[in-house]
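Engineer: In the working numbering, the protein residues as written are 28 to 468.
Positions of the beta carbon are idealized from the N, C-alpha and C atoms, including for glycine.
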Ligand SMILES: C[S@@+](CC[C@H](N)C(=O)[O-])C[C@H]1O[C@@H](n2cnc3c(N)ncnc32)[C@H](O)[C@@H]1O
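1) Hey, out of 168, 364, 329, 84, whose CA is closest to residue 275's CA?
2) Can you tell me whether residue 90 is buried or exposed? The criterion is at least 16 other CB atoms within 10 Å of its CB, across all chains shown.
3) On a Cα-Cα basis, can you pick out the residue from 292, 433, 426 that is closest to residue 279?
4) Considering Cα atoms alone, identify which of 98, 138, 373, 396 is closest to residue 413.
5) Do the CB positions of residue 411 and residue 364 come within less than 7 Å of each other?
6) Ligand 1 heavy atoms versus the CB of residue 403: any closer than 6 Å?
7) Going along the chain, which residues of its own chain have a beta-carbon closer than 6 Å to the beta-carbon of residue 355, five neighbours each way excluded?
8) Comparing alpha-carbon positions, which option in 163, 164, 210 lies nearest residue 178?
9) Determine whether the beta carbon atoms of residue 47 and residue 207 lie at a separation below 7 Å.
10) Determine the direct distance from the alpha carbon of residue 63 to that of residue 112, and round the result to whole angstroms.
11) Ordered along the chain, which non-local residues of its own chain (more than five positions away) have a Cβ less than 6 Å from that of residue 392?
12) Have a look at residue 187 and residue 200 and give me their C-alpha separation to the nearest angstrom.
13) May I have the straight-line CA-CA distance separating residue 360 from residue 420, to the nearest angstrom?
14) With a threshold of 6 Å, establish whether the CB of residue 201 neighbours any heavy atom of ligand 1.
15) What span of residues does the alpha helix (DSSP H) with residue 221 cover, start to end?
16) When burial is assigned at 16 or more other CB atoms within 10 Å of the CB, is residue 283 buried or exposed?
17) Is it true that the CB of residue 40 sits closer than 7 Å to the CB of residue 147?
18) With a threshold of 6 Å, establish whether the CB of residue 234 neighbours any heavy atom of ligand 1.
19) Can you look up residue 141 in the DSSP assignment and give me helix, strand or coil?
20) Using the beta-carbon count (16 or more within 10 Å), is residue 458 buried or exposed?
21) Which full runs of the alpha helix (DSSP H) of 4+ residues lie inside the region 290 to 347, going along the chain?
22) Measure the beta-carbon distance from residue 116 to residue 150 and round it to whole angstroms, keeping in mind my assumption that it falls under 8 Å.
23) Would you call the CB atoms of residue 98 and residue 118 closer than 7 Å?
24) Cα separation between residue 84 and residue 126?
25) Per DSSP, what are the beta-bridge partners of residue 40 in this structure?
26) Assuming residue 98 is part of the alpha helix (DSSP H), what are its boundary residues?
27) Quick check on DSSP: helix, strand or coil for residue 368?
28) If you count every other CB in all the chains shown that lies within 10 Å of the CB of residue 264, and 16 or more means buried, which is it?
29) Which runs of the alpha helix (DSSP H) at least 4 residues long sit entirely within the region 171 to 224? Give them in chain order.
30) Cβ-heavy atom distance between residue 120 and ligand 1 below 6 Å?
31) Need the endpoints of the alpha helix (DSSP H) that residue 351 sits in, please.
32) So, under 8 Å CB-CB, residue 75 and residue 61 are touching, yes? Tell me the CB distance rounded to an integer number of Å.
33) Looking at the secondary structure, which residues open and close the alpha helix (DSSP H) in which residue 60 lies?
34) Please report the Cβ distance between residue 339 and residue 434, rounded to the nearest whole angstrom; I am assuming they are in contact, meaning their Cβ atoms lie under 8 Å.
35) On a Cα-Cα basis, can you pick out the residue from 269, 101, 240, 281 that is closest to residue 162?
36) Might you give, ordered along the chain, the residues of its own chain that have their beta carbon closer than 7 Å to the beta carbon of residue 301, omitting 5 neighbours on each side?
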């Protein structure tokens with residue numbers, strides 16, 4: 028090992044050297060390894076950068092000795108050495124940067140202390156693998172590790188499910204090993220609930236290494252492919268497609284521009300958010316209702332894949348110039364809504380279970396009483412208990428002459444319960460209707 032000159036302060040360089048090939052390594056990663064007195068890494072990683080290690084002290088560790096690698100780096104840096112702790116891909120992506128900082132903090136290290144720390148970024152596996160199969164990451168994507176060695180499966184399952192539902196392109200790291208063979212099968216099963224069976228999938232093994240191997244397949248076939256420890260699986264979103272053997276995820280321009288002329292499509296403006304952008308999409312809801320899509324509230328929310336609160340807000344902004352097909356809504360204070368109920372006579376309380384069950388109870392508005400945190404109605408036929416603390420919004424709403432009432436929603440804009448006027452034959456009771464109409468601001 029090289030001698031340490033007096034007063035030399037130690038340094039830890041956390042170096043991501045990219046997927047494996049030296050061409051994919053950054054200049055800074057190469058310079059950082061050149062600068063180091065000591066290089067510490069997993070045996071395979073050391074082999075991948077072997078020709079950069081002449082004259083250096085090299086410490087090889089096994090795969091499971093991650094914390095040992097961090098402690099060793101700290102001990103060496105304390106003695107004044109410049110230590111490169113190397114990791115494949117990006118050192119901060121499922122890499123050594125996190126455990127090293129944790130070890131340093133446990134030893135009382137702070138950024139002002141004598142030991143300097145630098146994180147040297149590298150191309151992570153998902154970038155490297157994507158570059159070999161086309162352009163799969165051109166829209167929103169996420170990475171999920173299927174390794175349940177340190178992460179509980181319910182957490183992993185929830186993430187796969189959420190990413191699937193949100194239509195992210197998904198890169199699966201650590202998809203399979205000799206012992207962990209069923210995780211990829213489970214991931215496939217969960218994702219097939221959200222995506223078509225023929226969703227394109229790229230399976231890249233040992234990107235930019237000697238045994239590089241690429242398989243293009245589909246979601247329903249992916250678990251049957253050759254997948255190992257050094258594989259990254261890239262699953263397209265609902266717009267991704269396979270063409271000429273390449274996996275492409277459109278950037279989204281097709282929503283806005285004519286592919287041939289490059290001109291903005293009708294209703295869209297260059298340089299402005301889409302008509303279905305944050306500010307525009309409420310207008311789309313109103314136009315859709317005005318076009319005759321007269322559906323129950325839940326079906327409208329499902330059509331736009333949005334919480335009911337968003338649909339009610341869109342309807343509330345209807346005007347004579349931009350009507351909403353006879354739908355109307357108005358936000359009111361939840362307590363004021365409760366005060367108004369006794370004047371609406373008999374009511375239908377509607378509750379929906381997340382799995383789709385619906386229960387309806389007939390009651391009088393003044394039968395609802397508050398007890399502690401609960402709004403209750405107790406009769407011989409049913410007990411109704413609503414956790415009032417969860418009520419965040421109340422909306423008066425009418426769906427033409429079909430239904431009128433008040434919707435109580437939680438902070439996410441999802442329905443807790445609704446109270447609807449009851450029809451008297453074909454008509455709403457005129458007194459109840461007048462009282463209901465009187466609540467609109
Ligand atoms: C512990 S993670 C390390 C990730 C690394 N720090 C990175 O940023 O790429 C190991 C996983 O990365 C992926 N991986 C790493 N190098 C790869 C390569 N050359 N080709 C394909 N996948 C790779 C595989 O999914 C593997 O199971």
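Structural biologist: The short version:
1) 168
2) exposed
3) 292
4) 396
5) no
6) no
7) 425
8) 210
9) no
10) 9 Å
11) 368, 369, 371, 374
12) 12 Å
13) 7 Å
14) yes
15) Per DSSP, residue 221 belongs to no alpha helix (DSSP H) and is neither H nor E.
16) buried
17) yes
18) yes
19) coil
20) exposed
21) 308 to 317, 324 to 331, 335 to 343
22) 7 Å
23) no
24) 22 Å
25) 111, 145
26) 93 to 105
27) helix
28) buried
29) 180 to 192, 210 to 218
30) yes
31) Neither: residue 351 is in no alpha helix (DSSP H) and is coded neither H nor E.
32) About 16 Å; that fails the 8 Å criterion.
33) 54 to 62
34) 7 Å
35) 269
36) 282, 283, 295, 307
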